[in-house]
Structures are given as C-alpha cells and as structure tokens.
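A short write-up of the structure that comes next.
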Amino acid sequence: MLKTLLAQLTDLHIREPGRLAYGRLNTAPYLRSAVQAVNALPQRPDALVLTGDLTDFGRAAEYHHLAELLSPLTMPYYLMPGNHDERSQMRRSFAHHEYLGHDEFVQYSVSLGKDDEQNQAQSLRLVVLDTVEPDLPSGRLCAKRLRWFEDTLARHRGQSVVVAMHHPPFETLIGHMDRIGLLEGVDALAEILSAYANVERVICGHLHRTIYASVGGTVVSTAPSPAHQVCLDLASNAVSAWTLEPPGFHLHAWSGPGRMVTHVAAIGEFDGPHPFHGEGRLID
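Last residue of the sequence shown? That's 281 in this note's numbering, and every number before it is there in order.
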C-alpha cells in the first residue's frame, strides 16, 4: 500500500521574465507545465523536492519569478541549491521557508509523515545534503557536511530515509558533466551510506537526464529537467551541449521500509488514455 509519494523536479534554470537561458531558451513555460503535471497526478504527492539549479544565476529577480511559477502547487515543496544558485539570495527570497536555516550550508531533515518515535517506522524522512561550492560548477562534500549527514542518519536510524543532493556521487560517463561533478567526498559518502541500510534512495539533479547507479549499496538516481536535457554522448571529449528532448520529472513512491519505487513521468499533453480491454477481453 502506498504510504508516501515524493515528487522531484530539478534543474529549472529560471531567468528573469523575458530573459532566455543560454540566449535562446525560455524555461518559464516549461516549469509552468511541470507544475500543472505534478498537480494533475491521480495521487497527490505528499511533498515536492526541487534538487537544485532552481535559477540560472541566483539573482533576486530570478527567485521572485521562480516563486510566482511555483505558487500554484497544491503540496508542500522543499528547495535546495545547485551550482547555479546563490544560497543567501535563495534564503532571502524564500524567507518563509524556515527549514533553509541560516548556517553555512543548506542542509536539513524533515519527516514526510508523522514525526514521532512511535510512527517513525511508518514514515519517510527527507534528508537534504548541500554539495555546492561558491563560484564553482563542480560539487564538494567537506568533512563538516559529511559529519552533519552521519549525525542526522544516526538520529533517525529507525526511519526510512531518502537523501536529496544536487551533484550525483558517481561517474556518469558524460565527460563534460563528470568534470563538473562531485569532485570531493564521494568515497566518504559511500562509506556512510553502506552503514545505514535505512537509506532507500539518493536522488540528485545536475545531469538533466534519468540515470541510475549504486553507491554504498544504495540506489542513486538523477532526474530529467522540466526544460532542457544534456545530450546523451558518452565520448570523453563530447561537446557540452543541451537538447530539447521530452521533459519530465521523477515520482518516488514509498510503501514501507525497503519498498521504494521510482517512476519517470513525462510532461506534456498526449493522446489517451485508451482502454486495453473491451467486453471482458483484449481488444482485437
């Protein structure tokens, strides 16, 4: 039985109204369509997490535009920075999101169900880990961030956990993205994950594609962008480029400890639904 449904959007790259990403892409209508798609799901998500690169340059006007675009959402949403974001400005623009805190890093932990000892085993916890290094496209997990992470997992060992971070902790073989990937802390993170079997998924952004890997015995995934995707080219010298492949988002469905499945949801208007069966049999 479905207990918790967590939607994930990532890599929105919102600009100020009228400004185009990379001089040619208006990302705002894509996010508007994504919000409509999340709201229209047959089962309403308990929460939505946005795994970084919310804006393109971390400017106040971009975050103001982002807030307007997210305002129709019918469920709670949680923000975190990517390498295109600016922590301080994000906090100022979303001051009512108190979970963002005031520490050096944007790291927090929230229960997506009843948060008490008696019900912990029947609820899912979201733990957000900050991989951003100011003024760098690549990511890093320093000792301070990892210590917070391990302490947080230790406090909630009896509760299923999904970890959200921007830079994925694995090599994707998309060379130009790996060169700006998580360049420090991968081995230490894997060691921590291997010690906590209650971590059921690590969900990431940055890659603008759906990719799966295993790190520390845990399934790790990256999600597509609601706008543009990174070109799929595994040559080490592949050109850094994007494409308008179909956009999408991830839907993480949790039915209890050890039972999490992830669905890839397409964004757009499509023909259907059409029935498989009629008059009690498969339509011929």
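Glycine included, C-beta positions come from ideal geometry on N, C-alpha and C.
Just so you know, these numbers come straight off a predicted model, no measurement behind them.
Pull up the distance between the alpha-carbon of residue i and that of residue j, whole angstroms please.
i, j, result
"residue 46", "residue 68", "14 Å"
"residue 253", "residue 1", "8 Å"
"residue 277", "residue 204", "45 Å"
"residue 217", "residue 92", "30 Å"
"residue 146", "residue 232", "34 Å"
"residue 24", "residue 213", "35 Å"
"residue 202", "residue 273", "35 Å"
"residue 15", "residue 124", "35 Å"
"residue 141", "residue 186", "12 Å"
"residue 105", "residue 19", "32 Å"
"residue 156", "residue 64", "31 Å"
"residue 79", "residue 138", "13 Å"
"residue 51", "residue 9", "5 Å"
"residue 250", "residue 13", "34 Å"
"residue 120", "residue 281", "44 Å"
Quick test of your reading: residue i and residue j, contact by CB under 8 Å. State the CB separation rounded to the nearest angstrom.
i, j, result
"residue 248", "residue 4", "6 Å"
"residue 94", "residue 129", "Not a contact, Cβ separation roughly 17 Å."
"residue 66", "residue 29", "6 Å"
"residue 53", "residue 81", "6 Å"
"residue 261", "residue 207", "5 Å"
"residue 172", "residue 235", "6 Å"
"residue 168", "residue 175", "5 Å"
"residue 32", "residue 42", "Actually they do not touch by this definition, with Cβ atoms about 12 Å apart."
"residue 72", "residue 44", "6 Å"
"residue 197", "residue 158", "7 Å"
"residue 284", "residue 199", "Coverage of the chain is limited to positions -2 through 281, which leaves residue 284 absent and any answer about it impossible."
"residue 107", "residue 75", "7 Å"
What does a CB cutoff of less than 7 Å around residue i pick up in its chain, not counting 5 residues either side in sequence?
i, result
"residue 61", "90"
"residue 238", "228"
"residue 83", "55"
"residue 102", "127, 142"
Can you tell me whether DSSP reads residue i as helix, strand or coil?
i, result
"residue 197", "strand"
"residue 209", "strand"
"residue 55", "coil"
"residue 255", "coil"
"residue 74", "strand"
"residue 1", "strand"
"residue 61", "helix"
"residue 46", "strand"
"residue 11", "strand"
"residue 222", "coil"
"residue 19", "coil"
"residue 146", "helix"
Within a Cβ cutoff of 8 Å, which residues of the same chain sit near residue i, ignoring the five residues on either side of it in sequence?
i, result
"residue 154", "193, 195"
"residue 86", "55, 56, 57, 60"
"residue 148", "none"
"residue 40", "-1, 2"
With a CB to CB cut of under 6 Å and the five nearest residues on each side skipped, what residues in its chain are close to residue i?
i, result
"residue 150", "193"
Legend entry - Touch test, the segment 239 to 247 against the segment 219 to 226, Cβ-Cβ under 8 Å, three pairs minimum: With a cut-off of 8 Å, the segment 219 to 226 and the segment 239 to 247 count as touching, because enough Cβ pairs lie within range.
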